Every structure is written in structure tokens, then in C-alpha cells.
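Here this note's numbering is used: position 126 in the sequence shown is 161, and no number is missing along the way. Idealized CB from N, CA, C, for every residue including glycine. All of these numbers come straight from a predicted model, not from anything done at the bench.
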Amino acid sequence: MTTSTTTAPPTAVRASTTARGRLAALGRAEMTLLARNRTAVIVALLVPSAMIMAMKSTLEQVDLGGTGLTVAGAALTGGIGTVLIQAVYMNMVAAYVARREDLVLKRLRTGEVSDGEILTGTALPSAALALAQSALIIVTGAAFFGVTAPRRPELLLAGLLLAVVLLTVLAAVTSILTRTVQTAQLTTLPLFLVSMMGSGLFVPLAIFPGPLASACELLPLTGAMTLIRSGWLGVSDGTDLLGAALSGLVWTALAVFAVQRWFRWDPRR
36 MTTSTTTAPP TAVRASTTAR GRLAALGRAE MTLLARNRTA VIVALLVPSA MIMAMKSTLE
96 QVDLGGTGLT VAGAALTGGI GTVLIQAVYM NMVAAYVARR EDLVLKRLRT GEVSDGEILT
156 GTALPSAALA LAQSALIIVT GAAFFGVTAP RRPELLLAGL LLAVVLLTVL AAVTSILTRT
216 VQTAQLTTLP LFLVSMMGSG LFVPLAIFPG PLASACELLP LTGAMTLIRS GWLGVSDGTD
276 LLGAALSGLV WTALAVFAVQ RWFRWDPRR
């Protein structure tokens with residue numbers, strides 16, 4: 036997925052004197068650019084729906100006995116995971132690279148906007164899009180697929196927010212290794228594929244062999260997906276949920292450290 040490389044007007048951000056105002060100005064500028072990029076919006080909207088339908092057919096051939104999941108439940112929670120990866124992670128890698136190569140990030144740093152505000156403000160539209168799509172999937176699941184309403188809404192929300200924050204920071208980390216917007220489609224593939232296959236997006240880890248399941252529990256997105264699935268479809272063992280939350284927080288802390296140390300604000304020449 037790619038995003039628009041049109042530069043956002045830094046002067047609009049400098050005019051805001053509070054952190055909330057600066058974030059709002061950055062968010063509005065990025066929302067405008069995202070809306071102009073019809074390809075990015077269409078991919079973000081349609082790919083998760085296509086994945087849900089494809090995986091629903093595949094999961095009908097998988098024995099989910101003992102996992103506590105139905106085919107519809109597994110497919111829909113996987114759809115949320117796909118939304119998060121597509122709309123937040125993959126889109127934000129391209130966005131950070133595009134703003135860096137167009138000197139937008141460098142110009143923003145000359146004003147009163149802090150580094151954290153720049154990265155956060157740039158991510159706000161993508162995060163809002165992902166959360167809106169996730170809410171739509173949950174409502175659709177309850178209305179048309181016979182999936183229960185969220186059992187623990189606060190746990191579901193915590194998982195969604197953890198995933199959005201983690202994937203945003205991981206996008207900033209991945210942008211360090213990404214030279215151009217075009218190569219972002221390649222540098223985002225490893226996390227996308229690993230998460231799709233090993234973080235329990237569609238296939239529960241409970242059906243994997245013990246050692247493989249234990250290894251997959253350590254993947255970046257596994258903890259957040261565990262919270263999302265438990266919050267929507269039912270509560271798992273408390274120890275598992277605590278471990279899932281800690282895993283997500285540890286990955287987030289490591290990614291924040293990497294961004295603080297190695298993030299590139301100047302174009303790669």
C-alpha cells in the first residue's frame with residue numbers, strides 16, 4: 036500500500052500553540068492527503084473484507100474444536116487484525132517515508148512541534164480509519180454473522196489501542212530501513228506475513244504444536260490479538276491475558292527505543 040507524497044503545509048502546524056492544537060493541525064493535513072489517495076483508501080477498505088470471506092471458507096475446513104471459536108468468530112477477529120496491519124502499519128510506513136523524502140519531517144522539526152507530536156499527528160487519520168473499520172466489523176459480526184456482542188468491551192478496546200500504538204511505532208521503525216515509498220511494499224511484508232500466519236489473526240494458536248505455539252506467542256502482534264479476541268468472544272485465563280498485555284507493552288517499548296535512537300528525519304540519499 037502506498038500513500039500520497041504530496042507535502043503537508045508545515046505553516047499550518049506552526050500556527051497552533053498547544054500540543055492538542057498542533058496534533059489536530061497535523062491530523063487534518065494528513066487526513067486531507069489520505070483522502071486524496073484513493074488507492075490507499077480503497078485497499079484499506081476492501082482488502083480486509085476480502086480476507087474475511089476468503090478465510091471464512093478456508094476455516095470451514097479447519098477443526099476449531101477445543102479453541103472456543105466459531106468459524107465466523109475466527110474470520111471476523113482476523114479481519115480486525117488485517118485492518119490494523121493494512122490501515123495502520125503498512126500505510127504509515129509509506130507515509131513516514133514519503134514525508135521524510137519530501138523534507139516535510141525536516142521542516143516540521145524547525146518549528147515548535149515536538150518529535151513525538153510529528154509522528155503521532157501523522158498517524159492519527161490512519162489510526163482513526165482502523166478503529167472505525169474495526170467497530171464496523173464488530174457491528175456486522177453481531178448483526179449478520181451471529182457472533183456475540185463484545186463480552187468485555189474494555190478488554191477489546193485495550194487490545195485495539197495497544198495494537199494501534201504498537202503498529203504505529205513499528206511503522207516508524209520499518210521506515211528506517213525503507214528508502215522509497217515503492218520499497219515500503221517490500222519492507223512491510225515480513226511483519227505482515229509473520230503476523231498473518233503466527234499471531235493468531237485467523238488460525239488460533241491453540242491448534243499449533245506446543246513449541247510452535249509458544250514461539251508464536253512472542254511475536255509482536257500476538258498479545259494485542261489475544262486481548263482483542265478475548266474481549267470480543269470471551270475471557271481467557273487471567274494469566275494469559277496479563278502475559279499478552281505485557282508482551283505487547285514490551286514490544287512497544289523496544290520499538291520506541293529504536294525510533295528514538297535510529298529514526299531518520301532527513302532524506303536518504
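Asked                                                                                                                                                                    : Found
Taking the Cβ atom as the reference point for each residue, do Ser234 and Leu268 lie within a distance shorter than 7 Å?                                                 : no
Note down the Cα distance separating Met232 from Val106, rounded to an integer number of angstroms.                                                                      : 17 Å
Relative to the alpha-carbon of Val294, which residue among Leu228, Pro185 and Val128 has its alpha-carbon at the smallest distance?                                     : Val128
For Thr223, which residues in the same chain have their Cβ closer than 7 Å to its Cβ, ignoring the five residues on either side in sequence?                             : Tyr124, Met125, Val128 and Thr209
Hey, would you say the C-beta of Thr257 is under 6 Å away from at least one heavy atom of the ligand FAD?                                                                : Among the components of this structure there are no ligands whatsoever, and the ligand FAD is therefore not found.
Measure how close the beta-carbons of Ala259 and Leu201 come, nearest whole angstrom, since I'm counting them as under 8 Å.                                              : 6 Å
Let me confirm a value: Val204 is counted as buried when at least 16 other C-beta atoms fall within 10 Å, else exposed. Which label applies?                             : buried
Using 10 angstroms around the beta-carbon of Ala178, count the other beta-carbons present and answer buried if the total reaches 16, otherwise exposed.                  : exposed
Expressed to the nearest angstrom, what Euclidean distance is found between the alpha-carbon atoms of Arg186 and Ser265?                                                 : 8 Å
Answer with buried or exposed for Val182, where buried requires no fewer than 16 other C-beta atoms within 10 angstroms of its C-beta.                                   : buried
One question on the structure: do Leu190 and Ser169 come within less than 7 Å of each other, judged by their Cβ atoms?                                                   : no
Taking its Cβ as the centre, do 16 or more other Cβ atoms sit within 10 Å of Gly245, making it buried, or is it exposed?                                                 : exposed
Between the alpha carbons of Gly283 and Lys141, how many angstroms are there, rounded?                                                                                   : 30 Å
So, under 8 Å CB-CB, Leu119 and Ala165 are touching, yes? Tell me the CB distance rounded to an integer number of Å.                                                     : 5 Å
Just how far apart, CA to CA, sit Trp297 and Ala207?                                                                                                                     : 10 Å
Return the CA-CA distance between Leu159 and Leu104, expressed in angstroms with no decimal places.                                                                      : 32 Å
Please determine, among Leu143, Leu171, Leu69 and Thr261, the residue with the shortest C-alpha to C-alpha distance to Ser230.                                           : Thr261
How big is the Cα-Cα spacing for Ala248 and Ile115?                                                                                                                      : 21 Å
Keeping to the same chain, check which residues put their C-beta closer than 8 Å to that of Ala280; ignore five residues upstream and five downstream.                   : Ala193, Leu197, Gly258 and Leu262
Looking at the structure shown, is Trp300 part of a helix, part of a strand, or coil, going by DSSP?                                                                     : coil
Nearest to Leu228 by CA position, among Gly156, Arg299, Trp286 and Thr117, is which residue?                                                                             : Thr117
Would you mind sorting Thr145 into buried or exposed? The rule is 16 or more other CB atoms within 10 Å of its CB.                                                       : exposed
Can you list, in chain order, the residues of its chain with a C-beta nearer than 7 Å to that of Ala54? Leave out the 5 residues immediately preceding and following it. : Glu152
Which residue comes first and which comes last in the alpha helix (DSSP H) that contains Gln220?                                                                         : Ala219 to Thr222
From Asp150 to Phe180, what distance separates their C-alpha atoms?                                                                                                      : 43 Å
Which residue wins for smallest C-alpha separation from Ala110, given the options Thr155, Leu236, Val285 and Phe243?                                                     : Leu236
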